[in-house]
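This note's numbering puts the first residue of the sequence shown at 137, with every later residue one more than the last. Let me begin by presenting the structure, written as structure tokens, before commenting on it.
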Amino acid sequence: MNTALIVEPRDMRRIPLIINHFLFTLGEKWKVVFYCGKGLRSKWISKVNKEVEIRELSCDNFTAHEYSDFLKKKALWESLYGDFVLVFQTDAWIMNESPYTIDYFVNKDKSYIGGNMCYKWYQLDFRTPFRNYNGGLSLRKRNDMIKIINRQQRTKITLFFKNKNAYKNWGLN
């Protein structure tokens, strides 16, 4: 069993629709794990399918950096199920229709497959022609994420911001 993960601390009306859609579209080989905001667990229990595992956060919102930092926690990845984790957000929707089913992408056996973007992030110099690094809908190998976090605890990632002509260090611990 693999994991479909949504981290959404805000109280948004469409959350049950999206979560239940992912649960039913992915099927029984997937466990949906939902990190909700502080004080919202009891509300969501009655609105999402009972098969969804709801975990309550200690906050009611994240900044972009806080969300990113949360996904860099080794304990998060160790607490999830299976070999693959499908990360999704409230603006994602999947079809799971042949030939591009979730199994098609899992069978690619890649560490990371991100959603395509219609534009390039000019602020970051990724030195790649590809635009499939959108993590809001991404399939990730769980153990590879743990390996990256372990490696990055010893070093830091340096990204070059073209528009600011400055280097920024992002620690992953």
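Don't be surprised by glycine CBs; every beta carbon is placed ideally from N, CA and C.
- Lysine 167 counts as buried, since no fewer than 16 other beta carbons sit within 10 angstroms of its beta carbon.
- Between the alpha carbons of asparagine 232 and leucine 212 lies a distance of about 26 Å.
- For asparagine 138, the uninterrupted beta strand (DSSP E) run begins and ends at 138–144, by DSSP.
- Between the beta-carbon of lysine 174 and that of serine 194 there is about 6 Å, and that keeps the pair under the 8 Å contact cut.
- Ranked by how close their Cα comes to the Cα of leucine 141, the residues Val221, Ala228, Ile284, Pro235 have Val221 in first place.
- Between serine 274 and valine 242 the beta-carbon gap is near 13 Å, outside 8 Å, which marks them as no contact.
- Residues Pro145, Phe206 of the same chain have their beta carbon placed closer than 7 Å to that of phenylalanine 198, with the five preceding and five following residues left out of the count.
- A direct Cα-Cα distance of roughly 25 Å separates phenylalanine 170 from tyrosine 236.
- For the 9 Å CB-CB criterion, isoleucine 154 and alanine 200 do not form a contact.
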